[in-house]
Amino acid sequence: MNLNSPLFDRIRTQREPREEKRATTTIKCDAPGCQAEGAYRAPMGRLREGQYFCFCLDHVREYNAKYNYFNGMKDDDVARYMKDATVGHRPTWTMGTKRGTAGFREDGRPTGDPLGMYRARYHRRAAEKTEPRYSPVTMRALAALGFDDMPGPEAIRARYKDLVKRHHPDANGGDRSREEKLREIIHAYKTLRAARLA
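Sequential numbering of the sequence shown, starting at 14, is according to our numbering.
What follows is the structure, given as structure tokens:
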């Protein structure tokens, strides 16, 4: 590559400083009778947001010393304004007052369901949630003890005692033919106890 090429002479690595043309027009101070430059802005006041006076340094100091945004407002109006200022003067709604469960109205319909189209689905879900579901291991343990549905803890204990007395070799004159069934019953009862059902 030839670095002495005339193409490289046209590439500039830094910009040359340009002389910026400044506006020579000056704004005069808005104070009556003052001819100084109004270089400092001061807000015009309430209900005139975004509008400013232009003052010189002496007059802006004097204006700021006397400035009161709430001038002419009653105390109740000032308190209301200050309360609304905490939320950025945006509308808010109270939360948690006499509401149904999360996402549902008091009549059971989901919020955002003005025609009641999802009401049947909600009631079906509520009915399903009331029935507890058990693991297949728990269901096999219940079947080993001879239950089709979920009994109470007392019924499980009573059935366990009855089956152990019935299948134990000592109760059968030393017959060990029912020993495997006894192990299955004991294992099933331990499974139900671990699941806190017995």
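Using N, Cα and C, we set each Cβ at its ideal position, and we do this for glycine too.
Small disclaimer: the values here were computed from a predicted structure and weren't measured.
Handout entry: Segment contact, 8 Å Cβ cut-off, at least three pairs: the segment 43-57 with the segment 65-72
Key = yes
Practice task
Ignore the nearest five residues each way along the sequence and tell me which others in A154's own chain have a CB closer than 6 Å to its CB.
Solution key: If we look at A154 and ignore the five residues flanking it on each side, its Cβ neighbours are A201, T204 and L205.
Exercise for the section: Would you give the residue range spanned by the alpha helix (DSSP H) that P149 belongs to? Expected result: Run containing P149: P149 to A157, per the alpha helix (DSSP H) assignment.
Exercise for the section: Could you check the C-alpha separation between G186 and E192 for me, to the nearest Å? Expected result: Each residue's Cα considered, the two are about 12 Å apart.
Handout entry: Close beta carbons around K178, own chain, < 7 Å, minus the five adjacent residues each side
Key = Same-chain partners within the cutoff: A184.
Exercise for the section: Counting only the same chain and skipping the five closest in sequence on each side, list residues whose C-beta sits under 7 Å from that of M57. Expected result: Q64, Y65 and F66
Exercise for the section: Check the C-beta distance from H180 over to L158 and give it rounded, since I have them as a contact under 8 Å. Expected result: So it is not a contact: roughly 12 Å between Cβ atoms.
Exercise for the section: Compare the C-alpha of N77 against each of D161, A44 and M152 and name the closest. Expected result: A44
Practice task
Reducing DSSP to helix, strand and coil, say where A55 ends up.
Solution key: strand
Exercise for the section: Give the C-beta separation of R189 and P182 to the nearest angstrom, bearing in mind that I take them to be a contact with Cβ-Cβ under 8 Å. Expected result: 5 Å
Problem - Cut-off 6 Å between Cβ atoms - residues of its own chain near M163, not counting five sequence neighbours on either side - result: Here the set comprises nothing.
Problem - Backbone CA spacing between Y94 and I40 [nearest angstrom] - result: 35 Å
Problem - C-alpha gap between K170 and A211, whole angstroms - result: The sequence as given places Arg at residue 170; Lys does not occur at that position. Using only the alpha carbons, I get a separation of about 6 Å.
Practice task
Out of N81, V73, E75 and C47, state which residue places its alpha-carbon closest to the alpha-carbon of L60.
Solution key: Comparing alpha carbon positions, the residue from N81, V73, E75 and C47 closest to L60 is N81.
Handout entry: Coarse secondary structure for Y76, derived from DSSP in three states
Key = helix
Problem - G113 (DSSP reduced to helix, strand or coil) - result: Residue placement at G113 is poorly supported in this model, since its pLDDT is 46, which falls under 50; the coordinates still yield a value, given next. Note: G113 maps to coil in three-state DSSP.
Exercise for the section: List the DSSP bridge partners of F68. Expected result: Beta-bridge annotation (DSSP): F68 is paired with Y53.
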